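K.L.:
Using the numbering used here, count along the sequence shown one by one with no gaps and you end on 717. Provided herewith is a single structure, encoded as structure tokens, for subsequent inquiry.
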Amino acid sequence: MNKKFVFYLLGRIAQTIGILLLLPAAVASYYQEIDQFWAFTAVAVGSLMAGTAIAYVCKTKNNVIYAKEGFAIVALSWISMSLVGALPFVISGEIPSYVDAFFETVSGFTTTGASILENVELLSRSMLFWRSFTHWVGGMGVLVFIMAIVNNISDRSIHIMRAEMPGPVVGKLVPRAKDTAKILYLIYIVMTVLEAILLFAGGMPIFDSVVHSFGTAGTGGFGIVSTSVGGYSSYCQYVIGIFMLLFGVNFNLYYLLLLGKLKNIFKSTELWAYLGIVAASVCAITINLMSMYESFAESFKHSFFQVSSVMTTTGFSTADFNLWPDFSKTVLLLLMFVGGCAGSTAGGLKVSRVVILYKMILAEIRRLLHPRSVNSVRFEGKTVEQQTLASVATYFAVYVICAAAIFLVISFEPFGFETNFSAMTATFNNIGPGFGRVGAAGSFADYSDFSTIVLSISMLLGRLEIFPLIIALSPATWKKSR
């Protein structure tokens, strides 16, 4: 374990968070929110000083990292930035409980959107900005950002990308991982700015346009009013709905689009499966909601938006889907487990894994029927390696075990099966709202401190796809030094 370089990067992360905290401090200054300004400034300065000291002490010429270091760096970075990011809420007094503030911050960075706040309108503008900004920072991954700007990271930093970027396989767009990180962030920034411009052009105030673009880009879903997106125009709802779908697509396809390789995009199995699931779900829910709304257009609008929001694990809402018919709620619950595409900012199992698991089942059925036949699994026009198949199957098994364990622990809370099961589902898959007391019109405020911590861990496990957190916290990881 290259411990020095691991802690060197953690120092750089602390420096980065310190710099990022200056943005909400500037917002607080603009809106003359004095308490909030000093809270952000104090934490920013403290984080910068601590990060600079750690980076200086741990600076090393040995910048080679392997998978073990990559997992440890990612997991510890996400934990540390959540611990630091929660401090402004507590210091300003806007969220007095540190456990609740930690939950809110983890929810932000993991792009979950679950909240302990029962009346979000009471927050200051700068705190609303910080909540949504954590979505944007966590969406692409703060480590990917660090890779793009830090010079002395070896090209083995692809291990960091593989640990932080969701999906069964992460590869380079270009030969150097550092250049891949730059390309990903450039696409991410351009899409965010474009959405903000379109929302502002549709009559949404500039502050609202920016924070909703942050929430959409990170597929996070923190709203700034209790009605989420429901109070805005249909135009704005459609813009957000479309961009949620776009941010749920594998970012590699956008790079191919820039290169003009349209044939490669149209051949993407994952993309067609993703769009097919969305289209089928929208049609089914639209028909099911016809009796609830006055027109087909309104039924379609709510159906499209909520499917887009849940499928991409964003969590915005235009209506309280907790009141929808059981069939529609069941469809949404299933979509919570599927999630978006690999290499996107969305959570869930990922469409690629679902497709591969489905093809593995078909291959096994064919093998049982025709034992002598060759039954390889093909995905994206290529035969999937046995190592990848084993990885997908293992991840699914561990995913089920973790989901069951989290649900078992929080089932001691007296909120009933629907609320507790959807709370686990919504946090573990980084969705945000669930059903029952944690629905679109509710919150996670009633959970005990212990369950709040468990659900915070659930969000981290879901965002980092389980293994980085387990490996980083395992004593065996830290036993030997190279």
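Glycine is no exception: its CB is placed at the ideal position from the N, C-alpha and C atoms. For clarity, every value in this text was computed on a predicted model and none was experimentally measured.
Can you tell me which residues form a DSSP beta bridge with G296?
P.N.:
Correcting the residue identity first, residue 296 is Lys in this sequence and not Gly. Note: K296 sits in no beta bridge, so no partner.
K.L.:
Which same chain residues, not among the five before or five after F642, have their C-beta less than 8 angstroms away from its C-beta?
P.N.:
Excluding positions up to five away in sequence, the list reads N655, F656, M659.
K.L.:
Counting pairs of beta carbons, one from the stretch 515 to 527 and one from the stretch 565 to 580, are three or more of them closer than 8 angstroms?
P.N.:
Flag = yes, the stretch 515 to 527 and the stretch 565 to 580 touch.
K.L.:
Identify which residue in L506, M284, F306, Y489 has its Cα closest to the Cα of V425.
P.N.:
When only C-alpha atoms are compared, the closest one is Y489.
K.L.:
When you compare the stretch 677 to 686 with the stretch 702 to 716, are there three or more beta-carbon pairs, one atom per stretch, that lie closer than 8 angstroms?
P.N.:
The stretch 677 to 686 is not in contact with the stretch 702 to 716.
K.L.:
For N487 and G574, which I take to be in contact (beta-carbon distance under 8 angstroms), what is that distance rounded to the nearest angstrom?
P.N.:
Their Cβ separation, rounded to whole angstroms, is 17 angstroms, which puts N487 and G574 out of contact at 8 angstroms.
K.L.:
Can a CB atom of chain C be found closer than 9 angstroms to the CB of E533?
P.N.:
Looking at the structure shown, chain C is missing, and only one protein chain is on hand.
K.L.:
Counting pairs of beta carbons, one from the stretch 534 to 553 and one from the stretch 587 to 594, are three or more of them closer than 8 angstroms?
P.N.:
Short answer: they don't touch.
K.L.:
V409: buried (16+ other C-beta within 10 angstroms of its C-beta) or exposed?
P.N.:
Model confidence at V409 stands at a pLDDT of 48, short of 50, so the residue's coordinates are unreliable and nothing is read from them.
K.L.:
Could you pull the start and end residues of the alpha helix (DSSP H) that E505 belongs to?
P.N.:
First-last of the alpha helix (DSSP H) with E505: 504 to 523.
K.L.:
Going by C-alpha distance, which of K296, S317, G281, V280 is nearest K238?
P.N.:
Residue K296 is the option with its Cα nearest to K238.
K.L.:
Among A508, R607, S469, which one has its Cα closest to the Cα of M439?
P.N.:
Of A508, R607, S469, the residue nearest in Cα terms is S469.
K.L.:
By the 10 Å Cβ neighbour count, where 16 or more other Cβ atoms means buried, how is S312 classified, buried or exposed?
P.N.:
Looking at its Cβ environment, which holds 16 or more other Cβ atoms inside 10 Å, S312 is buried.
K.L.:
Determine the contact status of M571 and V341, defining contact as a CB-CB distance below 9 angstroms.
P.N.:
Taking 9 angstroms as the Cβ cut-off, M571 and V341 do not qualify as a contacting pair.
K.L.:
Counting only runs that start and end within the stretch 644 to 700, where is the beta strand (DSSP E) found for 3 or more residues in a row?
P.N.:
Qualifying beta strand (DSSP E) stretches: none in this window.
K.L.:
Where in the stretch 250 to 290 do unbroken runs of the beta strand (DSSP E), each at least 3 residues long, occur, reported from the N-terminal end onward?
P.N.:
Whole beta strand (DSSP E) segments, 3+ residues: zero.
K.L.:
Among residues of its own chain, excluding the 5 on either side of R602, which ones have a beta-carbon nearer than 8 angstroms to its beta-carbon?
P.N.:
The answer, listed in chain order, is S608, N610.
K.L.:
Based on Cα-Cα distance, which residue from I459, W713, C576, I636 lies nearest to L363?
P.N.:
Measuring from the Cα of L363, the nearest candidate turns out to be I459.
K.L.:
Quick one: Cα of H394 to Cα of L492, how far?
P.N.:
In this prediction, H394 has a pLDDT of 48, which is less than 50 and means its spatial position is unreliable; what the coordinates show is noted afterwards. If you take the alpha carbons of H394 and L492, they lie about 26 angstroms apart.
K.L.:
What does T618 pair with, by DSSP beta-bridge criteria?
P.N.:
Looking at the DSSP assignment, T618 forms a beta bridge with R613.
K.L.:
What is the DSSP secondary structure of I351, counted as helix, strand or coil?
P.N.:
Coil.
K.L.:
Is it true that the CB of V513 sits closer than 9 angstroms to the CB of L558?
P.N.:
Contact flag unset, no.
K.L.:
To the nearest angstrom, how far is the alpha carbon of A349 from that of A661?
P.N.:
So the alpha carbons of these two residues sit roughly 8 angstroms apart.
K.L.:
For M284, count neighbouring C-beta atoms within 10 Å of its own C-beta (all shown protein chains included) and say buried if the count is 16 or more, exposed if not.
P.N.:
The residue in question, M284, is exposed, as its Cβ has fewer than 16 Cβ neighbours within 10 Å.
K.L.:
Under the three-state reduction of DSSP, which class applies to W313: helix, strand or coil?
P.N.:
Note: W313 maps to helix in three-state DSSP.
K.L.:
If you compare alpha carbons, which of V673, R698, E700 is closest to I351?
P.N.:
Checked all of V673, R698, E700; the closest Cα to I351 is V673.
K.L.:
Is it right to say P323 is buried, meaning 16 or more other beta carbons lie within 10 angstroms of its own, or is it exposed?
P.N.:
Label assigned to P323: buried.
K.L.:
Between which residues of its own chain and E304 is the CB-CB distance below 6 angstroms, once the five residues before and five after are set aside?
P.N.:
Excluding residues within five positions, the ones whose Cβ falls inside 6 angstroms are N237, V241.
K.L.:
Where does I441 land, buried or exposed, given buried means 16+ other C-beta within 10 angstroms?
P.N.:
Exposed is the call here.
K.L.:
Helix, strand or coil for H447, going by three-state DSSP, please let me know.
P.N.:
DSSP places H447 in helix when its eight states are reduced to three.
K.L.:
Please return the same chain residues whose Cβ sits closer than 7 angstroms to the Cβ of T712, not counting the five positions on each side in sequence.
P.N.:
Counting only Cβ-Cβ distances below 7 angstroms, and skipping sequence neighbours, we find M236, K303, A307, I706.
K.L.:
Taking the alpha-carbon of E648 as reference, which of F679, T618, Q622, T623 has the nearest alpha-carbon?
P.N.:
Checked all of F679, T618, Q622, T623; the closest Cα to E648 is F679.
K.L.:
For a test of the three-state rule: what should DSSP assign to T340, helix, strand or coil?
P.N.:
T340: helix per DSSP, three-state reduction.
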